[in-house]
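Under numbering that gives the first Met the number 0, the first residue of the sequence shown carries the number 0, and numbering increases by one thereafter.
One structure is given here, and the rest of the page talks about it.
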Amino acid sequence: MAFFGNLIKRGLTVGEKLQNRRRAEPIQLQRRTLRRLLKRAQNTAFGQYYDFKGVLAEKQHCISAFQEHVPLFDYDKMYSQWWHMTLREVEDVSWPGQIKYFALSSGTSGAPSKHIPISDEMRRSMKHAGLRMFFALTNFDVHTDLYTKPMLMLGGSSDLETQGHYYQGDLSGINATQPPFWLRPYYKPGDKIARIKSWEEKIAEISKHAPEWDIGFLVGIPSWLQLMMERIIEDHNLETIHDIWPNLEVCVHGGIAFEPLKKSFERLLARPLVYMDSYLASEGFIAYQQRPETNAMRLLLHNGIFFEFVPFNEDNFDEDGHIKPNPKTLTVDQVEENIDYALLITTCAGAWRYLIGDTVRFPDKRIPEIIITGRTKHFLSICGEHLSVDNMNQGIQQVEEELDLSIREFTVGPVQRGNRYIHHWYLGCEREANAEQVRAILDRQLQTVNADYQTERENMLNIEVEILPIDTFYEWQAMKGKLGGQNKFPRVMKGKRFAEWDTFVHRSARN
């Protein structure tokens with residue numbers, strides 16, 4: 000097998016070098032991408048309404064003309080004005096032809112499922128991005144035998160719901176119906192198990208067949224991968240997952256920040272894995288980690304997506320994370336380092352200047368690599384503290400390190416009592432912990448990483464912490480029908496949803 004592993008690695012290395020050699024300046028790649036998207040969609044209803052032919056005529060100023068002609072859209076606006084027609088079998092709405100697949104996505108907002116169109120071009124784009132990420136594995140220190148090992152991809156059911164003229168389901172389930180040709184010989188858990196809709200039943204089947212597979216790669220949201228490994232270890236009376244999969248070497252993860260979970264994740268391993276982060280949203284494959292020396296991810300600038308960046312500040316967004324009229328938008332050559340930007344995407348599935356809801360940052364503007372810092376509506380700023388999910392993750396990591404805790408899930412919500420504002424935290428831990436100790440460390444670290452938070456803590460902001468069994472979080476997701484797959488627990492809850500969660504927690508405690 001070493002011979003075949005070396006052969007595959009050499010092929011992948013050549014592929015990675017060719018990708019690097021073909022790279023032009025980021026803005027040149029983006030300009031070409033936008034023009035291709037405009038040409039493909041110029042005869043759609045959307046393209047005619049916003050005069051894509053006129054935009055294309057502005058050859059030297061195509062991007063600025065595009066920004067002047069086409070307004071910004073969020074999901075609700077895009078759906079109500081355009082995408083609702085694609086669900087009724089109308090062709091050529093915002094992308095040529097008829098959309099056959101829709102990814103159901105509620106993200107972490109808890110709203111009814113969104114129907115995100117997945118065109119044939121978008122499916123090809125995602126497969127191409129996956130192959131490029133596989134090429135990049137040659138930059139990491141892995142054994143050549145790894146390239147001959149199966150890859151276990153844990154996602155939603157590939158048994159899609161048929162809605163007459165289209166199919167709908169979890170994006171991972173849609174992609175699992177037709178794995179890329181290069182992946183099919185290595186793909187696990189296989190089509191039969193991938194079709195199972197019940198999370199518990201799927202995990203039971205994976206655990207049953209685990210001894211038959213020599214898994215080298217894990218792919219999925221890390222919190223669900225961890226639950227799967229725990230089930231296998233328990234069922235087979237193992238010390239670590241390496242007892243049954245000795246050649247497991249790589250974990251490709253995404254969906255949520257991995258660092259706060261890393262401590263508890265690695266307790267299930269005999270040795271650390273090679274970790275590769277990915278940014279695959281229902282709207283498109285946006286970025287992937289290309290280098291081991293950084294956790295930043297390289298933007299896919301020439302793969303069917305045109306990017307714009309809106310500075311995430313009070314000039315462009317209100318305190319609830321809603322974008323204001325006429326915000327300032329930047330292209331990839333105009334961004335600055337270490338500033339949070341809300342991400343706008345224009346895609347080969349008919350999303351146009353679409354606010355995806357994530358915020359990102361460029362650690363080094365010379366390199367088109369990003370880190371995800373949070374969600375536009377998951378920042379806490381009830382009194383000017385501007386606390387991001389990235390700040391929260393740093394606080395959680397500090398608590399884990401100082402108290403040797405494994406915090407599997409957490410959420411925080413704003414509370415007002417009189418003239419005082421409170422951040423109320425709920426932490427799901429693997430063992431009991433002293434809430435006051437946790438609160439003190441968390442508060443100290445948040446003040447260290449966020450000067451605005453520190454200022455407000457000295458004036459009108461308090462912090463409270465409740466420690467919960469981790470099962471409370473999973474019971475909530477099961478109640479909401481969001482157990483497993485690509486579902487993520489919201490890091491910030493507000494309003495009625497936070498009140499509902501608070502009631503659920505304390506009712507569970509009484510029971």
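We put the CB at the ideal spot given by N, CA and C, even for glycine.
Since this is a predicted model, take the numbers as computed values, not measurements.
Contact between H377 and P468 is absent: CB atoms are separated by about 24 Å, not below the 8 Å threshold.
Around the CB of M227, 16 or more other CB atoms lie within 10 Å, so the residue is classed as buried. DSSP places A102 within a strand segment (E or B) once states are collapsed to three.
Distance from the Cα of R270 is smallest, within the candidate group D242, Q396 and S104, for D242. Taking C-alpha positions only, Y452 is separated from L441 by approximately 12 Å.
By the neighbour-count criterion, in which a residue is buried when 16 or more other Cβ atoms sit within 10 angstroms of its Cβ, S197 is exposed.
Shown here, G168 sits in a strand according to DSSP, grouped into three states.
The residues D91, V92, S93, W94 and P95, in chain order, have a CB closer than 7 Å to that of T43 in the same chain once the five nearest residues on each side in sequence are set aside.
Note on S63: under 16 other CB atoms within 10 angstroms of its CB, so exposed under the neighbour-count rule. Proximity of the stretch 280 to 296 to the stretch 132 to 148 meets the contact definition, three or more beta-carbon pairs being nearer than 8 Å. Counting the other CB atoms within 10 Å of its CB gives V464 a total of 16 or more, which places it among the buried residues. Each of Q393, S157 and L153 was checked against the Cα of R194, and the nearest Cα belongs to S157.
A direct Cα-to-Cα measurement between A203 and L279 gives close to 26 Å. When the Cα atoms are used, L404 and R34 turn out to be separated by approximately 51 Å.
Per DSSP, reduced to three states, the secondary structure at Y49 is coil, with no helix or strand assignment. Setting aside the 5 residues that flank it on each side, Y473 is surrounded in the same chain by L482, each with a C-beta closer than 7 Å to its C-beta; the list follows chain order. Straight across, the Cα-Cα distance linking G129 with P310 is about 29 Å. A56 places its beta carbon 9 Å or farther from that of I173. With 16 or more neighbouring CB atoms inside 10 Å of its own CB, Q444 falls in the buried class.
Taken in chain order, the complete beta strand (DSSP E) segments of 3 or more residues contained in the stretch 127 to 200 are 150 to 152 and 166 to 168.
R230 has its alpha-carbon roughly 54 Å from the corresponding atom of E67.
Per DSSP, Y473 is one residue of the alpha helix (DSSP H) stretching across I469 to M478.
Assignment of F488 by DSSP, reduced to helix, strand and coil, places it in the coil class. Nearest in C-alpha terms to G168, of all of K99, I220 and Y48, is K99. For C61, the closest C-alpha among the options Q225, R183, K126 and F305 is that of F305.
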